[in-house]
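Colleague: Structure in structure tokens, see below.
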Amino acid sequence: MNFDGLFSNFGELTTTGLTQGAIYALVALGYTLVYGVLRLINFAHSEVFIAGAFAAIWTWNGFGLDQNSQVSGVGSILFYLLVAMIVAAIASAGTATVIERVAYRPLRKRNAPPLAFLITAIGASIAISEAFGVYTRRLPQGAPSLVSSKPLFHVAGVPIDSIQLLTIGAALVMMFALDQFINRSRTGRGIRAVAQDANTAALMGVNKDRIILMVFIAGGTMAGVAGLLYDVRIQTLTYSVGFLLGLKAFTAAVLGGIGNLRGALIGGLLLGVVENYASGLFGSQWKDFAAFAVLVVLLMFRPTGLLGESLGRARA
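In the numbering used here, the protein residues as written are 1226 to 1541.
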């Protein structure tokens, strides 16, 4: 165990972990929303993330930007980021909508058992992933260098760059917006009502199918923004990257309390930090092991996760 490596790089490991954890958290929001309403683990959500990530890169390609492009000027950078974010959010939300209507809604109409939903989710995940693999010929896609990785300032001697600020800041803003939407809007009240008791909510005039669709759209939007941030941070995307990232995002949702929006944020940030500490202490090859080991240990003592409050019990 390299304690010297951990302590000497503690600040950088923390900031890097929070940055990666912010992406986990945004994707985890989709898992926790769907589970909170349907009690369904949407394993196809990782491909919803991939759809947004590819859409952002292809949007930049449409403007003539590739992995070798350098963009200067704050106005140009913000324009490319904003347009790509909108397209990525729409692409992911659209993919989530198709999954809900084609894969899950027919099963709900037929009162299919939970195992049928699980198998369908896995099948949809593989099908979408392979479709992207065929379309891209399984070759990595490069993103342009839009945001500089040079340090902007230092906090307690730890360098903070634009990518870290953008990723963490965007995740917090999106989380706040989603939290306000769920707790303040009329549709959000409908989501909480269906999560608490779908049959009673239907008797009170809530359109269950519309609410479920909105849940998938909201989760897809979060995943699309996460896909954009992943492109900006990593700058290389492959069709299969969503599998492991999706598993970690699901782990983050469970870690914070599946069905709890704020728990998903906390779980994502915590997971990113823990796996980076593990890489500093044991080596990078233990990074993924530590992420899932922490989940197992936590659930042994707190099966409901850190916060453990269901979406249906969230208060306005």
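The beta-carbon is built from N, C-alpha and C at its ideal position, and this holds for glycine as well. Being a predicted model, the structure only gives us computed values, none of them experimental.
Keeping to the same chain, check which residues put their C-beta closer than 6 Å to that of L1231; ignore five residues upstream and five downstream.
Modeller: Hits under 6 Å: G1505, L1506.
Colleague: Report the rounded CA-to-CA distance for F1235 versus V1466, giving the unit in angstroms.
Modeller: About 27 Å.
Colleague: Say whether the region 1410-1423 touches the region 1434-1441, bearing in mind that this needs 3 or more beta-carbon pairs closer than 8 Å, one atom from each stretch.
Modeller: Flag = yes, the region 1410-1423 and the region 1434-1441 touch.
Colleague: Rounding to the nearest angstrom, what Cα-Cα distance links L1494 and L1238 in this structure?
Modeller: Answer to the nearest angstrom: the Cα atoms are 12 Å apart.
Colleague: Just mark I1347 as buried or exposed, buried being the case when its beta carbon has 16 or more other beta carbons within 10 Å.
Modeller: Exposed is the call here.
Colleague: Can L1258 and A1451 be called in contact, C-beta distance under 7 Å?
Modeller: In this structure, A1451 does not lie closer than 7 Å to L1258 by Cβ.
Colleague: Taking all protein chains shown into account, decide if L1339 is buried (16 or more other Cβ within 10 angstroms of its Cβ) or exposed.
Modeller: Here residue 1339 is Pro; the residue named in the question, Leu, does not match the sequence. P1339 comes out exposed.
Colleague: Between the Cα of S1294 and the Cα atoms of L1371, G1471, D1386, L1254, which residue gives the shortest distance?
Modeller: That would be L1371, whose Cα lies nearest to the Cα of S1294.
Colleague: Out of curiosity, what's the CA-to-CA distance linking A1516 and E1500?
Modeller: Roughly 5 Å separates the two Cα atoms.
Colleague: What three-state label does DSSP hand Q1510 in the structure shown?
Modeller: Q1510: helix per DSSP, three-state reduction.
Colleague: To the nearest angstrom, how far is it from the Cα of S1387 to the Cα of L1453?
Modeller: Roughly 15 Å between the two C-alpha positions.
Colleague: Any idea what DSSP makes of L1462, helix, strand or coil?
Modeller: Of the three classes helix, strand and coil, the one that applies to L1462 here is strand, per DSSP.
Colleague: Judging by CA-CA distance, which residue of G1382, M1310, L1263 is the nearest neighbour of N1336?
Modeller: Looking at the Cα atoms, L1263 is the closest of the given residues.
Colleague: Three or more C-beta pairs closer than 8 Å, one from the region 1318-1327 and one from the region 1454-1461: is that the case here?
Modeller: Short answer: they don't touch.
Colleague: Residues in its own chain within less than 8 Å of G1508 by CB, not counting five upstream and five downstream?
Modeller: Hits under 8 Å: N1227.
Colleague: Look up L1495 in the DSSP assignment and say whether it is helix, strand or coil.
Modeller: Correct three-state label for L1495: helix.
Colleague: Three-state secondary structure (DSSP) at S1370?
Modeller: S1370: strand per DSSP, three-state reduction.
Colleague: For the alpha helix (DSSP H) that contains P1384, what are its first and last residues?
Modeller: Premise fails: P1384 lies in the beta strand (DSSP E), 1383-1386, not in any alpha helix (DSSP H).
Colleague: Helix, strand or coil, according to DSSP, for V1522 in the structure here?
Modeller: Residue state, collapsed to three classes: helix.
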